[in-house]
Each structure stands twice: as structure tokens, then as C-alpha cells.
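First comes the structure, then the notes that go with it.
Residue numbers (our numbering): -12 to 214.
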């Protein structure tokens, strides 16, 4: 796995996250206790089944940002951010939600972030946070494999991760805010497919992966689609 950075940079990122949450353009959607518990259950299941590579650091915080633009990122210390538009419009089943979450859990608990220093100015925009936390292609390709494996060890369907990459790859304009100029993920999808074929020997049909989701998942999505 790619290497993490020193604690001083981790602190820098953490401070940027606090600035982001107090910035004028950052509007938070308040999750219910039930929805918070749902995210916690997914997080706990993944971490407890991958203790050797996912050391728990900090208390889990999930923030839903009021924005129609699909984006997601994390910060050190189990801090996770998802846009409301992402969850409402692109996360159609539980397997895809878990896949998206697993990638950021790896980044947050393994401290896998690029080293980019910014100067404090009292506020920070979402696009700056995405730039600060966006990994280079080589690291992302490797991380997709790790995410597939931690889902498998957690008894989630790991093929949901491939579907998650395909969703982003089929909507490059929508996800250009998330991924920057190189919003196409063809190489990443191709690399993961080859990895799965090598390790497992076959690709599961999509309809077998997109099975029924839990009641808690549907409760989350219903709450997000209300006004």
C-alpha cells in the first residue's frame, strides 16, 4: 500500500477540515440518529474485520454537505464527507454506498493523502478540499485493489466496488468536480477488472451484485430525497 505522511501534515489537513466546516459555502445536512448509527455500523464492520491494516483513529464523523454536485472525501481521524447530490442521485444500492465509504476509510485510517500545503485564509472551498485529498493515479489504482479486499473480508459483496467505479466512469462530466481534469476512470476500472480476474477468476453479473439493500439504507436515501 502507498505510504502515509508525517503527523505534522496530518494536523495541517485536520485544521483545513475545521476551516472547511466553518466556511460560508459549506452547508451541512443534519443526519438523524438512525442514519448516523447506520454509517457507524458499516464503518465498524469494515474496521473490525480488517484490524491489521485499519487502526482506529478518532471518533467517526460523517458529514453530508448540502450540494447537488456529486463529491466525497475524507480527512484523518475517521472524518468523512459526502454530498447530498451524490447520495441522492448516484448511490442506488447499499453495495455502492459501502464501496464508496470503504475507499475513504482506507485513506483516513491509513493516512493516505498527497502532500499539498495551503496557506490559511479563513475559509476553504470544496474544490480545494478535493484537490488537497486527491491521490495520484498510481496510488488510486492500488487503493482500489485494497478496497476490494477489505470489502471481501468484511463479508460485503466486493463486486459492488467495481460497479462504483463504473458509475463514475460512465458519468465523467458529473464527476469532473470530484476527479478534476482527468475525470475518466477507464484505466482504474480496467486495472481492477484484471485484478479480479487474476485473483477470483470471473466477474459477477451486475444484477447479482445489485441485490436488495437494507431497511437502514432505504431510510437514509428517503431522508435525503425529502425537500
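Built from N, CA and C at the ideal position, the CB exists for glycine as well.
Given the structure is predicted, the values throughout are model-derived calculations rather than measurements.
Query: Beta carbon of residue 67 nearer than 8 Å to that of residue 95; Result: yes
Query: Cα-Cα separation, residue 144 to residue 82; Result: 7 Å
Query: C-beta contact flag for residue 22 and residue 206 at 8 Å; Result: yes
Query: First through last residue of the alpha helix (DSSP H) which encompasses residue 85; Result: 81 to 97
Query: Contacting residues, own chain, Cβ-Cβ under 7 Å from residue 71 (five flanking each side not counted); Result: 16, 51, 52, 53, 54 and 211
Query: For residue 59: DSSP bridge partner residues; Result: 69
Query: Unbroken beta strand (DSSP E) run spanning residue 48, endpoints; Result: 48 to 52
Query: Residue 183 - DSSP class collapsed to helix/strand/coil; Result: helix
Query: Endpoints, alpha helix (DSSP H) assigned at residue 131; Result: 124 to 140
Query: Residue environment, residue 65, which counts as buried when at least 16 other CB atoms sit within 10 Å; Result: buried
Query: Neighbourhood of residue 182 by C-beta, 6 Å cutoff - its chain only, sequence neighbours within 5 removed; Result: 132
Query: Alpha carbon of residue 126 to alpha carbon of residue 102, nearest angstrom; Result: 13 Å
Query: Three-way DSSP call (helix, strand, coil) for residue 77 in this model; Result: coil
Query: Distance CB(residue 154)-CB(residue 37) smaller than 8 Å; Result: no
Query: Paired residues, beta bridge with residue 16 - DSSP; Result: 51
Query: Environment of residue 7 [buried if 16+ CB atoms lie within 10 Å]; Result: buried
Query: Cβ-Cβ separation, residue 56 to residue 164 (assumed contact under 8 Å), whole Å; Result: 5 Å
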